[in-house]
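**Student:** Here's a structure for you.
Numbering (the UniProt record's numbering), first residue to last: 1 to 145.
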């Protein structure tokens, strides 16, 4: 590799996937550590198999961690600005532009601050609405489990 070679750190989709997966694994491992071992012991004495233990014990007790992970994943999905800039810079053409990249380009590169501020506020309201909708559905499922 010479001094003129360009190496992009974080410029591969596999890196972003690995980072998101690592966060989810750490979150779920933290959730699994909160489950007392006595519950599994009692379930196995009662004759529950591994699948039933997962459905009846594990998943209901880590449902809150699942909810947190889903809401944060949606938020990160909508704010992919930091992945698009090093990868493609919005190209080819405008094929990989996101809403946050359009707001950035229009405001900071185009000088249209007021319009892009309004776009950012609307984008924020949309993210909050999606998050609240998702929370309502997941919390309902959490209560049922």
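For each residue, glycine too, the CB sits at the ideal point set by N, CA and C.
Does the count of Cβ pairs from the segment 72-83 and the segment 29-43 closer than 8 Å reach three?
**Tutor:** Not touching, per the Cβ criterion.
**Student:** Hey, is the segment 67-81 in contact with the segment 127-140, meaning 3+ C-beta pairs nearer than 8 Å?
**Tutor:** Yes: at least three Cβ pairs fall under 8 Å.
**Student:** Applying the 10 Å Cβ sphere with the 16-neighbour rule, what's the burial state of residue 116?
**Tutor:** Counting from 1 along the chain shown, the entry for residue 116 is found at position 116. Flag for residue 116 reads buried.
**Student:** Residues in the same chain with beta-carbon distance under 6 Å from residue 66, minus the five sequence neighbours each way, listed in chain order, please.
**Tutor:** Reading the chain shown from its first residue, position 66 is the one you call residue 66. Once the five neighbours on either side are set aside, residue 66 has no close Cβ partner at all.
**Student:** Applying the criterion that 16 or more other CB atoms from any shown protein chain within 10 Å of the CB defines a buried residue, is residue 103 buried or exposed?
**Tutor:** To locate residue 103, count along the chain shown from 1; it is residue 103. Residue 103 is buried by the Cβ-count criterion.
**Student:** Does the beta carbon of residue 83 come closer than 9 Å to any beta carbon on chain D?
**Tutor:** Going by chain labels, chain D is absent from the structure shown, which holds only one protein chain.
**Student:** Which whole-angstrom value is the C-beta distance of residue 56 and residue 64, which I expect to be below 8 Å?
**Tutor:** One-based indexing of the chain shown puts residue 56 at position 56. One-based indexing of the chain shown puts residue 64 at position 64. Their Cβ separation, rounded to whole angstroms, is 16 Å, which puts residue 56 and residue 64 out of contact at 8 Å.
**Student:** Near residue 68, which residues of its chain fall below 8 Å by C-beta distance, leaving aside the five closest residues on each side in sequence?
**Tutor:** What you label residue 68 is simply residue 68 of the chain shown in a count that begins at 1. Closer than 8 Å at the Cβ level, and outside the excluded window around residue 68, lie 27.
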